[in-house]
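What follows is a set of notes on a single structure, which appears directly below.
Residue numbers (the working numbering): 69 to 616.
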């Protein structure tokens with residue numbers, strides 16, 4: 069094969085893997101590569117003003133497409149800027165292929181400006197990290213990284229690309245990376261054992277995470293839950309694993325405090341865990357939250373997560389879709405009339421409860437506040453046909469009351485514990501799904517981590533919409549420290565001043581306009597109705613700042 073510079077060959081490799089959009093922020097040590105990117109056909113560079121924003125947009129793009137996304141960061145400093153967002157991708161299992169340049173292998177001994185061990189820097193927030201030092205193994209290494217990123221448990225990978233390595237002539241073959249098929253079915257004996265452990269439960273529960281969504285196992289999950297009459301709780305979950313309207317869906321377990329999760333699961337005598345680990349709280353219970361004698365079955369493609377924190381009776385390293393389908397088949401055959409009747413009765417109870425909840429919510433939800441009026445109007449105008457990227461945090465329960473997470477791909481929740489993913493995530497999702505209406509919700513504090521995402525949306529004609537849930541504070545921190553005080557019998561007092569964002573006041577709509585997007589502020593309910601109309605009719609990115 070005719071040799072060409074490695075920088076050009078690399079682009080052909082990315083295109084062979086379907087990675088035709090690169091998100092990034094440029095730097096001097098990547099200049100030769102980015103010059104080749106600019107000249108490449110059928111290859112698009114999406115510019116962000118800061119690396120955290122680029123990483124967040126790439127994360128949203130990958131989540132919306134269901135595949136990998138390509139992210140370019142600038143050497144040590146730029147990589148450092150992006151690491152917080154890469155942690156989000158690691159925790160959420162987003163398959164990002166991250167590349168960064170450095171001056172060159174020939175300069176390693178000089179310890180000059182910007183010299184840094186990039187691989188050591190990024191290892192804690194990636195599945196795989198390496199540096200190419202031989203021009204004959206550039207594409208080989210990239211293919212390995214792409215394969216690792218897309219193999220469950222998915223996650224970000226990193227390849228450092230020295231400038232002199234990419235400048236060398238390269239004759240490696242350009243081939244698509246190998247896809248590793250992981251639709252692994254458990255053995256009939258192990259499925260039979262799982263059914264035996266769960267079938268006799270009188271108070272069964274199912275704990276699920278995004279492994280269900282990745283496997284496309286929502287239908288199979290519902291079948292098993294209904295056969296068992298089991299409540300379904302979402303644990304490490306940020307996608308639609310079960311429709312919000314299903315009567316057996318009971319919401320999320322705790323993400324901050326272990327006692328909350330323990331309260332939800334402590335009475336269960338049969339526990340099925342699928343596609344998640346237990347439990348992800350910041351302040352978890354150190355002892356097992358499950359009752360003594362409870363039978364626990366754990367299904368996940370990621371064997372590391374099975375029984376990571378608490379023992380289980382049976383662990384199955386298998387694809388959730390295949391395992392749940394097989395389990396449903398065995399339960400269909402094994403459950404006797406008495407067990408079926410008991411499961412049907414539990415489902416009936418939850419169905420009637422859900423009907424009452426809907427009726428009471430319908431009368432109480434519209435409290436006349438600007439946010440409630442905005443959400444109600446948005447739901448009515450769109451019929452719920454939109455993609456929501458939700459970083460509303462303390463306002464999220466209100467968002468999902470009017471815009472419930474029903475269909476896979478229509479709802480993405482923030483994950484990873486840090487702020488700033490909401491707005492860039494919406495930009496990435498809209499770029500991936502240009503035919504859909506995409507609205508990103510973020511708190512005032514979270515939005516300011518990555519507000520430059522609006523500039524990228526305006527520059528590239530990405531018609532995403534944005535909503536600031538503006539309570540002029542880091543409200544979640546208020547809630548969490550109040551819990552901290554209660555646990556330690558500390559008398560309530562004023563919240564720390566560092567949680568307050570009220571002064572000087574931020575003009576979010578003005579900021580949006582300065583970045584090339586439209587924007588307006590909403591203070592009154594009647595303004596909220598008008599804001600929905602303006603947002604939906606505006607050609608291009610538009611932001612609504614809603615005062616709470």
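All C-beta atoms, glycine included, are put in the ideal place defined by N, C-alpha and C.
For this session: Select from 458, 373 and 520 the residue whose C-alpha is nearest the C-alpha of residue 469.
Result: Residue numbering aside, residue 469 sits at position 401 when the chain shown is read from its first letter. Among 458, 373 and 520, the Cα nearest to that of residue 469 is on 458.
Exercise. How would you label residue 145, buried or exposed, when you count the other beta carbons within 10 angstroms and need 16 or more for buried?
Worked result: The residue labelled residue 145 in the question sits at position 77 within the chain shown. By the neighbour-count rule (16 or more Cβ atoms within 10 Å), residue 145 is not buried but exposed.
Exercise. Can you tell me the Cα-Cα spacing of residue 572 and residue 541, whole angstroms?
Worked result: Residue numbering aside, residue 572 sits at position 504 when the chain shown is read from its first letter. Residue numbering aside, residue 541 sits at position 473 when the chain shown is read from its first letter. So the two alpha carbons sit approximately 12 Å from each other.
Problem set entry | residue 249, buried or exposed, once every other Cβ within 10 Å from all chains shown has been counted against 16 | If you number the chain shown from 1, residue 249 lands on position 181. Residue 249 should be labelled exposed.
Exercise. When the Cα of residue 81 is compared with those of 210, 93 and 174, which residue comes out closest?
Worked result: As a position in the chain shown, residue 81 is number 13, starting the count at 1. Comparing Cα positions, the closest option is 210.
Problem set entry | Cutoff 8 Å; reference residue 412; Cβ partners in own chain excluding five residues on either side | Indexing the chain shown from 1 puts residue 412 at position 344. Hits under 8 Å: 297.
Problem set entry | Buried versus exposed, by CB contacts within 10 Å (16 or more), residue 418 | Taking the first residue of the chain shown as position 1, residue 418 is located at position 350. Flag for residue 418 reads buried.
Exercise. Is residue 306 buried or exposed, if buried means 16 or more other CB atoms sit within 10 Å of its CB?
Worked result: In the chain shown, residue 306 corresponds to position 238, counting from 1. When all chains shown are included, residue 306 counts as buried.
Exercise. With C-beta atoms as the reference, is residue 396 less than 8 Å away from residue 288?
Worked result: Indexing the chain shown from 1 puts residue 396 at position 328. Indexing the chain shown from 1 puts residue 288 at position 220. Their beta carbons are under 8 Å apart, which means residue 396 touches residue 288 by this criterion.
For this session: Write down the C-beta distance between residue 242 and residue 420 rounded to the nearest angstrom, noting that I regard them as a contact closer than 8 Å.
Result: Looking up residue 242 in the chain shown gives position 174. Looking up residue 420 in the chain shown gives position 352. 60 Å between Cβ atoms; not a contact.
Problem set entry | Identity of the residues DSSP links to residue 55 by a beta bridge | A question about residue 55 goes unanswered here, because the residues of the chain that appear run from 69 up to 616.
Exercise. Which residues does DSSP pair with residue 275 in a beta bridge?
Worked result: Within the chain shown, the letter at position 207 stands for residue 275. The partner list for residue 275 (beta bridge, DSSP) reads 301 and 341.
Problem set entry | Test item: CB-CB of residue 92 and residue 139 under 8 Å | By one-based count along the chain shown, residue 92 stands at place 24. By one-based count along the chain shown, residue 139 stands at place 71. Yes, the pair counts as a contact, with Cβ atoms nearer than the cut-off.
Exercise. DSSP on residue 103, reduced to helix/strand/coil?
Worked result: Locating residue 103 in the chain shown gives position 35, where the first residue counts as 1. The answer is helix: DSSP assigns residue 103 an H, G or I state.
For this session: Look up residue 468 in the DSSP assignment and give the residues it is bridged to.
Result: As a working mapping, residue 468 is identified with position 400 in the chain shown. Residue 468 is not bridged to any residue.
Exercise. Can you tell me where the alpha helix (DSSP H) with residue 538 in it begins and where it stops?
Worked result: In the chain shown, the residue the question calls residue 538 occupies position 470. Taken as a continuous stretch (DSSP letters only), residue 538 belongs to no alpha helix (DSSP H), being part of the beta strand (DSSP E) at 533 to 538.
For this session: Specify, as a first and last residue, the run of the beta strand (DSSP E) that residue 612 falls within.
Result: By one-based count along the chain shown, residue 612 stands at place 544. Unbroken beta strand (DSSP E) run through residue 612: 610 to 615.
For this session: Ignore the nearest five residues each way along the sequence and tell me which others in residue 315's own chain have a CB closer than 8 Å to its CB.
Result: Reading the chain shown from its first residue, position 247 is the one you call residue 315. Closer than 8 Å at Cβ, skipping near neighbours: 415, 418, 419, 421 and 422.
For this session: Would you mind stating whether residue 213 and residue 274 have Cβ atoms separated by less than 8 Å?
Result: Residue mapping note: residue 213 aligns to position 145 of the chain shown, counting from 1. Residue mapping note: residue 274 aligns to position 206 of the chain shown, counting from 1. Not closer than 8 Å, so no.
Exercise. Which first and last residues belong to the alpha helix (DSSP H) in which residue 524 is found?
Worked result: Taking the first residue of the chain shown as position 1, residue 524 is located at position 456. It spans 521 to 527 - the alpha helix (DSSP H) in which residue 524 sits, taken as one unbroken run.
Exercise. Which residues share a DSSP beta bridge with residue 459?
Worked result: What you label residue 459 is simply residue 391 of the chain shown in a count that begins at 1. DSSP output for residue 459 lists 510 as bridge partner(s).
For this session: Between the Cα of residue 196 and those of 161, 234 and 592, spot the shortest distance and give me the residue it belongs to.
Result: To locate residue 196, count along the chain shown from 1; it is residue 128. Of 161, 234 and 592, the residue nearest in Cα terms is 161.
Exercise. So which of 253, 220 and 130 has the shortest CA-CA distance to residue 372?
Worked result: Working through the chain shown from its first residue, we reach residue 372 at position 304. The shortest Cα separation from residue 372 among 253, 220 and 130 belongs to 220.
Exercise. Over what stretch of residues does the alpha helix (DSSP H) that includes residue 384 continue unbroken?
Worked result: Here residue 384 refers to the residue found at position 316 of the chain shown. Taken as a continuous stretch (DSSP letters only), residue 384 belongs to no alpha helix (DSSP H), being part of the beta strand (DSSP E) at 382 to 385.
Problem set entry | Test item: CB-CB of residue 490 and residue 515 under 8 Å | Within the chain shown, numbered from 1, the residue matching residue 490 stands at position 422. Within the chain shown, numbered from 1, the residue matching residue 515 stands at position 447. Cβ atoms of residue 490 and residue 515: closer than 8 Å.
Exercise. Are residue 171 and residue 189 touching if we call contact CB-CB under 8 Å?
Worked result: What you label residue 171 is simply residue 103 of the chain shown in a count that begins at 1. What you label residue 189 is simply residue 121 of the chain shown in a count that begins at 1. Going by C-beta atoms, residue 171 is not nearer than 8 Å to residue 189.
Exercise. What span of residues does the alpha helix (DSSP H) with residue 155 cover, start to end?
Worked result: Along the chain shown, read from residue 1 onward, the residue named residue 155 stands at position 87. It spans 143 to 160 - the alpha helix (DSSP H) in which residue 155 sits, taken as one unbroken run.
Exercise. Just checking, does the segment 591 to 600 make contact with the segment 443 to 450 on the three C-beta pairs under 8 Å criterion?
Worked result: yes
For this session: Locate the alpha helix (DSSP H) running through residue 482, then write down its first and last residues.
Result: To locate residue 482, count along the chain shown from 1; it is residue 414. Careful: residue 482 lies outside any alpha helix (DSSP H) and carries neither H nor E.
Problem set entry | Span separating the alpha-carbon of residue 150 from that of residue 407 | Your numbering for residue 150 matches position 82 in the chain shown. Your numbering for residue 407 matches position 339 in the chain shown. Approximately 52 Å, taken between the alpha carbons.
Exercise. Does DSSP classify residue 442 as helix, strand or coil?
Worked result: What you label residue 442 is simply residue 374 of the chain shown in a count that begins at 1. Helix, per DSSP.
Exercise. If you count every other CB in all the chains shown that lies within 10 Å of the CB of residue 485, and 16 or more means buried, which is it?
Worked result: The residue labelled residue 485 in the question sits at position 417 within the chain shown. Classification of residue 485: exposed, given that the 10 Å Cβ count is below 16.
Problem set entry | Pick from 546, 390 and 576 that is closest to residue 562, judged by C-alpha positions | Your numbering for residue 562 matches position 494 in the chain shown. For residue 562, the nearest C-alpha among the options comes from 546.
For this session: Drop a sphere of 10 angstroms on the beta-carbon of residue 512, count the other beta-carbons inside from all chains shown, and report buried for 16 or more, exposed for fewer.
Result: Counting from 1 along the chain shown, the entry for residue 512 is found at position 444. When all chains shown are included, residue 512 counts as buried.
Exercise. Distance, Cα to Cα, residue 456 vs residue 239?
Worked result: Stepping through the chain shown from its first residue, residue 456 is reached at position 388. Stepping through the chain shown from its first residue, residue 239 is reached at position 171. Taking the straight line from one Cα to the other gives about 45 Å.
Exercise. Taking three-plus beta-carbon pairs below 8 Å as touching, is the segment 498 to 512 in contact with the segment 581 to 593?
Worked result: no
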